[in-house]
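Residue numbers (UniProt numbering): 1 to 179. Below you'll find the structure, written out as structure tokens, and then a few comments.
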């Protein structure tokens, strides 16, 4: 099973990327591909620019990566209560290829922050719009107080409740319907 995972941020040492990567390791038997949004440099989306240049290769590559995965894990960083500009711009370009950006792939949404809110606002927004973008949302987990919950030496979540929630979320991607 191929799991595509990324933190929805272009921050070099993104805590959301670390959370997404760790959670992917909890999917039994997963082959993991970790994306770095810094690799998807795009001009700011506008309809005028789209008419001028068409679909940028980076947006096509991102869309194709989702299409080739068996499951997706995204951890949303929160900037001023919403998506990061880097993620929103990439998502906007990809949605012009096909509104169902996530292509009905089983998906786990995550979020974290250094504080007690755990980026809950952006996670709620993402969950609320998932149905419009081809997300087969299996689970959503917010991890508050990231630096207290995450052991940097082992790159693992060590807070018991958060760990249990992440294990349960990861297992939803490994479940297969029996025909």
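Backbone N, C-alpha and C fix where the C-beta goes; we use that ideal spot for every residue, glycine too.
Nearest residue (CA-CA) to residue i, options the options
i	options	result
residue 90	135, 115, 62 and 70	62
residue 60	145, 98, 169 and 13	98
Other residues of its chain near residue i: CB distance less than 7 Å, five sequence neighbours each side excluded
i	result
residue 134	100, 101, 102, 103 and 104
residue 181	The first residue shown for the chain is 1 and the last is 179, placing residue 181 beyond what the model contains.
residue 50	96
residue 24	3, 5, 30, 32 and 73
residue 58	40, 41 and 42
Residue i Cβ short of 7 Å to the ligand HEM heavy atom set
i	result
residue 41	In the structure shown, the ligand HEM is absent, as is every other ligand, since no ligand is present at all.
Segment limits, alpha helix (DSSP H) that includes residue i
i	result
residue 172	160 to 174
residue 76	Note, residue 76: premise wrong, no alpha helix (DSSP H); beta strand (DSSP E) at 71 to 76.
Buried or exposed (CB count within 10 angstroms, at least 16 for buried), residue i
i	result
residue 54	exposed
residue 115	exposed
residue 6	buried
residue 112	buried
Supposed close pair residue i, residue j - CB separation, criterion 8 Å
i	j	result
residue 17	residue 75	7 Å
residue 192	residue 83	As displayed, the chain neither begins before 1 nor continues past 179, which places residue 192 out of reach and without an answer.
Endpoints, the beta strand (DSSP E) within which residue i is located
i	result
residue 124	Careful: residue 124 lies outside any beta strand (DSSP E), inside the alpha helix (DSSP H) at 120 to 129.
residue 112	105 to 112
residue 5	2 to 8
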